[in-house]
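Protein sequence lines correspond, in order, to chains A and B. Just so we're aligned: 69 in this note's numbering is position 69 of the first sequence, and the numbers increase by one with no gaps anywhere. Just so we're aligned: 49 in this note's numbering is position 49 of the second sequence, and the numbers increase by one with no gaps anywhere. Heads up: the structure comes next, in structure tokens.
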Amino acid sequence: MSVPPKSNPRWADVVTGRKTYTLKFLAAKILLGRVVRTVSAAPTPENVRDAVDQLFAIYEKNASSPSAQEDIKIIFG
Amino acid sequence: MQQNMYSVVEVEKFIAEGRTLLLAGEEALLRQLPKGQWIGGTIPYFITPSEGGAVSQDKIFVTDITAVTASAITSVYDQNGLGKVYTDAEGSGFSFIILPATSPAHASFALNGPNYKDFGNRPLIGWVAGVHLSDLGKATPKVFDGSSGAAYEQEAVVMHVTLPPGKSVDVGIINIFEQGDGDMLTFAADGFSCTDVMVNGVKENFAEYITRNNLDTKLPLVADYYGALVNISFQSVDPGGEVKFYAPVFTGIHYKHAKAVSNYAASFGEQLRKSNLDGQNIVFSCNCILNYLYSELEGRKTDPFVGPITFGEIAYQLLNQTLVYMEVHDI
Numbered sequence: 001m002s003v004p005p006k007s008n009p010r011w012a013d014v015v016t017g018r019k020t021y022t023l024k025f026l027a028a029k030i031l032l033g034r035v036v037r038t039v040s041a042a043p044t045p046e047n048v049r050d051a052v053d054q055l056f057a058i059y060e061k062n063a064s065s066p067s068a069q070e071d072i073k074i075i076f077g
Numbered sequence: 001m002q003q004n005m006y007s008v009v010e011v012e013k014f015i016a017e018g019r020t021l022l023l024a025g026e027e028a029l030l031r032q033l034p035k036g037q038w039i040g041g042t043i044p045y046f047i048t049p050s051e052g053g054a055v056s057q058d059k060i061f062v063t064d065i066t067a068v069t070a071s072a073i074t075s076v077y078d079q080n081g082l083g084k085v086y087t088d089a090e091g092s093g094f095s096f097i098i099l100p101a102t103s104p105a106h107a108s109f110a111l112n113g114p115n116y117k118d119f120g121n122r123p124l125i126g127w128v129a130g131v132h133l134s135d136l137g138k139a140t141p142k143v144f145d146g147s148s149g150a151a152y153e154q155e156a157v158v159m160h161v162t163l164p165p166g167k168s169v170d171v172g173i174i175n176i177f178e179q180g181d182g183d184m185l186t187f188a189a190d191g192f193s194c195t196d197v198m199v200n201g202v203k204e205n206f207a208e209y210i211t212r213n214n215l216d217t218k219l220p221l222v223a224d225y226y227g228a229l230v231n232i233s234f235q236s237v238d239p240g241g242e243v244k245f246y247a248p249v250f251t252g253i254h255y256k257h258a259k260a261v262s263n264y265a266a267s268f269g270e271q272l273r274k275s276n277l278d279g280q281n282i283v284f285s286c287n288c289i290l291n292y293l294y295s296e297l298e299g300r301k302t303d304p305f306v307g308p309i310t311f312g313e314i315a316y317q318l319l320n321q322t323l324v325y326m327e328v329h330d331i
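Listed below in structure tokens is the structure:
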């Protein structure tokens, strides 16, 4: 399964908390538990970009994981 | 996947066959084993397939991961090297870590693990080694690198495993606790202990707060990480002084005291149903010594999960009072 590029605005929606999803992939949930609060508190372009980089990397590196694949479907349809 | 209790002689045979093993047992037993492709940690508490919760000081709990191992390398990390756990051994399908309780590696991983470079780029699962509770203060928890036969009490041992083609693994948790309806608690510093807490944004002495509100410290603090509930268990409360935890609290994370759990088995069953696990693909699992004690798991089963009962559980970061598991999938 291909992971949508970082330029897809849905990534920023997730890390800023503009959109919330019920996700399954544990590593992403733990990461988001931290970064959503950080980015919400200071939603600078740098913070958003850094958070998107981290979240994208987790899904890209774990693209074969069934739970990561389910999350990608949930977030991007 | 093979997960069961075996004698030293039986484990020696598995090692001689070249099997890849994750081991848990008493130090005296692990020290008898020959070199091979295994790592291990000390603990005498288990959930076994036949008896459920049990204490054993003459058998070793074996998790045989040969079927999900194309190749494996073992690394030993001190507290300063652990930050490379996700970046070493590139191409590995997962990494399995065992830390000795109260060691510098344990403390360092607990505090810094969530910020390691490339956090989560591969599944990281494992546990914290301990000792029989009657040996607390007398014996030290240890981890073993089977490739050298060496034991460590300050460092972590990690097996980086490359999966066979067509396999993938997932790490998950079963947590019977959820946030209660009480105050929002935050902390001014990361750490295994604190004196003050912010209660709904107002600073006060945490020990006094616990006493005044008659909080049951067998119930953990619970943080919500984007739907993943992460516990922080209480170690001790010094009236008017420090409150100590078995895992660190972190700044910026919102905690609540857990709702009471009246029946572990019923709560466990409910969480198991929610997880939609069929149990067929579980490679490894472990559960917490505090769940074992507080929920009186001795003699009780937690099907489909068996494994060591630990002084801390690791699913990417250190957890408390939580069952962690790893599943394998065909892709």
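Built from N, CA and C at the ideal position, the CB exists for glycine as well.
Q | Below-8 Å beta-carbon distance, I173/B vs any chain A residue | A | yes
(Q) Using a Cβ-Cβ distance cut-off of 8 Å, determine whether V74/A contacts chain B. (A) The sequence as given places Ile at residue 74/A; Val does not occur at that position. No, because no Cβ of chain B sits closer than 8 Å to the Cβ of I74/A.
(Q) Would the stretch 142–155 of chain B count as touching the stretch 178–197 of chain B if we require 3 or more Cβ pairs under 8 Å? (A) no
Q | Close Cβ partners of V243/B (< 6 Å) along its chain, the five nearest in sequence each way excluded | A | C194, F206, A207 and V237
Q) Are the C-beta of D118/B and some C-beta of chain A separated by less than 8 Å? A) yes
Q: Would you identify the three-state DSSP class for Q235/B, choosing helix, strand or coil?
A: strand
Q | Nearest-angstrom Cα separation, counted from L26/A out to V157/B | A | 23 Å
Q: Find out if the Cβ-Cβ distance for the pair F177/B, L229/B is shorter than 8 Å.
A: yes
**Q.** Secondary structure of G149/B, DSSP reduced to three states
**A.** coil
(Q) List, from N- to C-terminal side, the beta strand (DSSP E) runs of 3 residues or more that fit wholly inside the stretch 164–243 of chain B. (A) 167–174, 191–194, 196–199, 202–205, 221–225, 228–232 and 234–237
Q | Backbone secondary structure at D330/B - three-state DSSP | A | strand
Q: Confirm, please, whether the CB-CB distance from L82/B to S108/B is below 8 Å.
A: yes
**Q.** I18/A at chain B interface by Cβ criterion, 8 Å
**A.** In the sequence as presented, Ile is not what sits at residue 18/A; that position holds Arg. Cβ-Cβ to chain B under 8 Å: no for R18/A.
Q.
Per the DSSP calculation, Y339/B is bridged to which residue(s)?
A. In the structure as shown, chain B begins at 1 and stops at 331. Residue 339/B is therefore absent and cannot be evaluated.
Q) Nearest-angstrom Cα distance between I173/B and S2/A? A) 26 Å
(Q) Contact defined as beta carbons within less than 8 Å: I believe D170/B pairs with P4/A. What is the distance between those atoms, to the nearest angstrom? (A) Rounded, the Cβ-Cβ distance is 21 Å, inconsistent with contact.
Q.
Does the contact criterion of 3 or more C-beta pairs under 8 Å hold for the stretch 2–20 of chain B versus the stretch 120–130 of chain B?
A. no
Q) Excluding sequence positions up to five away, which residues of its chain have a Cβ less than 7 Å from the Cβ of P239/B? A) A207 and T211
Q) Hey, how far is the Cα of V36/A from the Cα of G17/A? A) 6 Å
Q: Ignore the nearest five residues each way along the sequence and tell me which others in A54/B's own chain have a CB closer than 6 Å to its CB.
A: F46 and T48
**Q.** Whether S285/B touches L318/B by CB criterion (8 Å)
**A.** no
**Q.** Rounded straight-line distance, which links the Cα of D53/A to that of E26/B
**A.** 43 Å
Q | Beta carbon proximity, T22/A to chain B, threshold 8 Å | A | yes
**Q.** Expected contact under 8 Å - CB spacing of P114/B and I30/A to nearest Å
**A.** 7 Å
Q: Can you have a look at N320/B and say buried or exposed, based on whether 16 or more other CB atoms are within 10 angstroms of its CB?
A: buried
**Q.** Inter-residue spacing [alpha-carbon to alpha-carbon] between G166/B and N291/B
**A.** 35 Å
Q: Grab me the residues of A189/B's own chain with a C-beta within less than 7 Å of its C-beta, minus the 5 sequence neighbours each way, in chain order.
A: T251
Q. Looking only at C-alpha atoms, which of F94/B, T42/B, P44/B and G18/B sits nearest to P34/B?
A. G18/B
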